[in-house]
Each structure stands twice: as structure tokens, then as C-alpha cells.
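In this note's numbering, the protein residues as written are 16 to 209.
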Ligand SMILES: C[S@@+](CC[C@H](N)C(=O)[O-])C[C@H]1O[C@@H](n2cnc3c(N)ncnc32)[C@H](O)[C@@H]1O
């Protein structure tokens with residue numbers, strides 16, 4: 016599986032549909048409003064590190080993980096150029112190399128929706144494990160309202176509620192997920208570990 020992602024990240028950057036090169040407006044708005052405050056943070060499926068670097072620039076102590084070594088190479092280079100420190104790791108979100116209760120914020124733009132249904136509860140439990148109680152998990156994923164069958168899984172609100180039953184959901188909104196080749200219908204969901 017990592018091979019497929021590595022191949023994508025080895026190609027031209029402008030061909031990577033989700034790699035827009037700027038932090039998403041959803042994350043920026045929450046940070047600017049002070050709704051998510053600097054703390055130890057984890058960016059899951061960090062890709063080329065755009066949002067991890069943005070968080071580090073905004074005072075977060077950031078770890079970030081992606082299964083693609085190629086993506087992480089690009090991310091480390093970008094962090095160096097931005098002169099920020101991010102603890103980038105190559106590995107799977109399903110086996111996070113972090114201790115229990117480590118993070119006050121987990122950022123997810125396009126991570127949960129890469130997992131087939133049989134992995135989703137496992138994913139949620141792993142995120143829950145590494146978070147501090149009261150910490151925030153911010154999910155952005157494709158919704159079932161996005162037409163077509165290509166690319167990421169379409170996720171319904173019910174699926175989010177069911178999968179993250181050991182979190183308290185505080186926000187669930189329809190959003191537009193911007194990509195290089197167009198925009199897609201998605202959900203943003205903010206929830207706390209209870
Ligand atoms: C849609 S991209 C999103 C990347 C990034 N968050 C962004 O917004 O640009 C999905 C990412 O998930 C990564 N990925 C897929 N399976 C993974 C796994 N099991 N563990 C960690 N990362 C994974 C891929 O390498 C890819 O970078």
C-alpha cells in the first residue's frame with residue numbers, strides 16, 4: 016500500500032490532487048479564532064506536511080506521520096525551508112508510534128477517508144489512545160454527497176457518529192474540500208476525547 020502512495024508522491028506535485036500547498040481554510044479559521052490552542056499536536060496522514068508546518072508556525076509542538084516515505088521526505092524539506100521543527104515519522108496511523116495520552120490536538124485532512132470500513136474502528140481507537148482526555152480531533156473527509164466512485168471513501172454522518180462513539184462530537188458541518196483539480200463535498204467534524 017505504501018508503494019502506491021510513494022509512487023504518487025514521486026511524480027509531479029501538480030498531479031497530486033489533494034496537495035494544495037496551503038493549509039485548509041477550515042483549520043486556519045479554527046486556529047485564528049483561538050478555538051484550538053497551541054499544545055502537543057499530531058497530524059495524521061500528513062502528506063507533504065503543509066498543515067503540520069502551519070501548526071508548528073502557530074506555536075504547536077507538532078508530530079506528523081504518513082505511510083509514504085516519499086511524502087515525508089518532501090515534508091521534511093519544506094519544514095527545513097520554513098525553519099520550523101516537526102517530528103515527522105514514516106509509519107501507519109493504525110500503529111501509531113506514540114505513547115497513550117500524548118496529544119491535545121489531532122489534525123486529520125483526508126486521512127480517515129482512506130480507510131475501508133473494516134479498519135475504521137481500529138483507526139478511531141488508535142487516535143483515541145494517543146490523545147489526552149479533553150483533546151480535540153479535527154476530521155475532514157469526503158461525504159456521501161460527493162458524486163462519483165473514484166478516490167477516497169464517501170463517509171456519512173452516521174458512520175462518523177458510530178465510529179467515533181468514544182468521543183463527544185461538538186461540531187459537524189458540510190464543507191468544501193479544495194483540491195488541485197476541483198472541489199469536493201465533505202464533512203468537518205470536531206470532537207473531544209472523553
Ligand atoms: C488524501 S491524502 C491527504 C494528505 C494530507 N493530509 C493533505 O491534506 O495533503 C492521504 C494521505 O494518507 C496517507 N496514508 C494512507 N494510508 C496511511 C496509513 N495507513 N498510515 C499513514 N498514512 C497513510 C497517504 O500517504 C497520503 O499522504
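We treat Cβ as the ideally placed atom computed from N, Cα and C, and that holds for glycine. Bear in mind that the values here come from a model prediction, so they are computed numbers and not experimental data.
Beta-bridge pairing of residue i - partner residues as DSSP gives them
i, result
"residue 169", "Beta-bridge pairing links residue 169 to no other residue."
"residue 122", "58, 153"
"residue 201", "157, 190"
"residue 146", "118"
"residue 90", "Residue 90 pairs with nothing; no bridge assigned."
Rounded C-alpha distance that separates residue i from residue j
i, j, result
"residue 41", "residue 70", "13 Å"
"residue 143", "residue 187", "18 Å"
"residue 55", "residue 117", "7 Å"
"residue 72", "residue 98", "9 Å"
"residue 76", "residue 153", "16 Å"
Nearest neighbour of residue i, chosen from the options [CA to CA]
i, options, result
"residue 145", "205, 197, 99, 58", "58"
"residue 13", "66, 111, 161, 134", "Because the chain spans 16 through 209 in this model, residue 13 falls outside it and cannot be assessed."
"residue 22", "50, 36, 85", "85"
"residue 183", "170, 157, 148, 189", "148"
"residue 104", "163, 61, 155", "61"
"residue 189", "196, 169, 177, 208", "169"
Contact check, residue i vs residue j, beta carbons under 7 Å
i, j, result
"residue 131", "residue 179", "no"
"residue 201", "residue 150", "no"
"residue 155", "residue 206", "no"
Distance cut-off 6 Å: residue i Cβ against heavy atoms of ligand 3
i, result
"residue 124", "This structure does not include ligand 3; its bound ligands are ligand 1."
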